[in-house]
Structures are given as structure tokens and as C-alpha cells.
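Quick note: the sequence shown uses this note's numbering, first residue 1099, plus one each step.
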Amino acid sequence: MFGVNVSPFLLSATIKYHIEKYREQYPAATEMLNTFLYVDDVISGAENISQALKLSKDADTIMKSASMTLRKWNSNNQTLMRTWKGEGLEIHPRHSEDSSQIL
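Encoded structure:
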């Protein structure tokens, strides 16, 4: 459906539909996705590693239910990066400590 004027709306509506299905089961992850999802990027943070890991796993579960895979996970915490890699999430390796770009 890409190339059609309504495609961005349909993508957004599909994502919102799948997020809302999980509002009660994963309240923090659905709030994060509703607030920080922009086009195809999610930029967010957490208070600690365990919270970040739970948010990322829950968000991944929600998006996989829509047959969408979250990729390029990145963090300034190497323990979290190793954990994500061990969990099978696709991480985005950092070239240096200050190389991630956010527009």
C-alpha cells in the first residue's frame, strides 16, 4: 500500500490498534510506544537496567503481534546491550561512546 496517500495513516492506525490491545497487560510499554514512537523510531529511557529491559521486551512483544520487528536497539549501558543481544534482540553497535545520532 505504500505510494498511496493514505498509507501513513493506515500504518499509524495499525500500530495504534496493536498498542491498544495490550494497554492492560503492558501499561508502561504501551504508554512509551504511544508517546515516543515517531514514524519508525522509538527514543525513550528508563530509571534502571531492569526497567529498560522490561520495557524493551514488552514493546518487542507488542510490535511482533503486528508482525513488526523492533531493531537497532541502542543504549549507553553495555550491560543492557549485552543482555539485549543475549535475548536475541538486534542491537545497533556503537562506533564510539558518543556516536548515536538523534534528529
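Ideal Cβ placement from N, Cα and C applies to all residues, glycine included.
Since this is a predicted model, take the numbers as computed values, not measurements.
Item: Considering just the uninterrupted stretch of the alpha helix (DSSP H) at Ala-1164, what are its terminal residues?; Value: Where Ala-1164 is concerned, there is no enclosing alpha helix (DSSP H), given that its DSSP letter is neither H nor E.
Item: Throw me the rounded Cβ distance for the Ser-1154 and Trp-1182 pair, which I believe falls under 8 angstroms.; Value: 7 angstroms
Item: DSSP three-state label for Leu-1201, please.; Value: Below a pLDDT of 50, predicted positions are generally treated as unreliable, and Leu-1201, at 48, falls in that range; no measurement from the model is reported.
Item: Are Trp-1171 and Glu-1145 touching if we call contact CB-CB under 8 angstroms?; Value: no
Item: For Ala-1157 and Val-1140, which I take to be in contact (beta-carbon distance under 8 angstroms), what is that distance rounded to the nearest angstrom?; Value: 7 angstroms
Item: Starting from the C-beta of Met-1161, find all residues in its chain whose C-beta is less than 6 angstroms away, skip the five residues before and the five after it, and write them out in chain order.; Value: Leu-1168
Item: Can you tell me whether Tyr-1115 is helix, strand or coil according to DSSP?; Value: helix
Item: Can you tell me whether DSSP reads Ile-1141 as helix, strand or coil?; Value: coil
Item: Among Met-1179, Leu-1131, Leu-1109, which residue has its Cα nearest to the Cα of Ser-1148?; Value: Met-1179
Item: Mapping DSSP to helix, strand and coil, what is Leu-1187?; Value: coil
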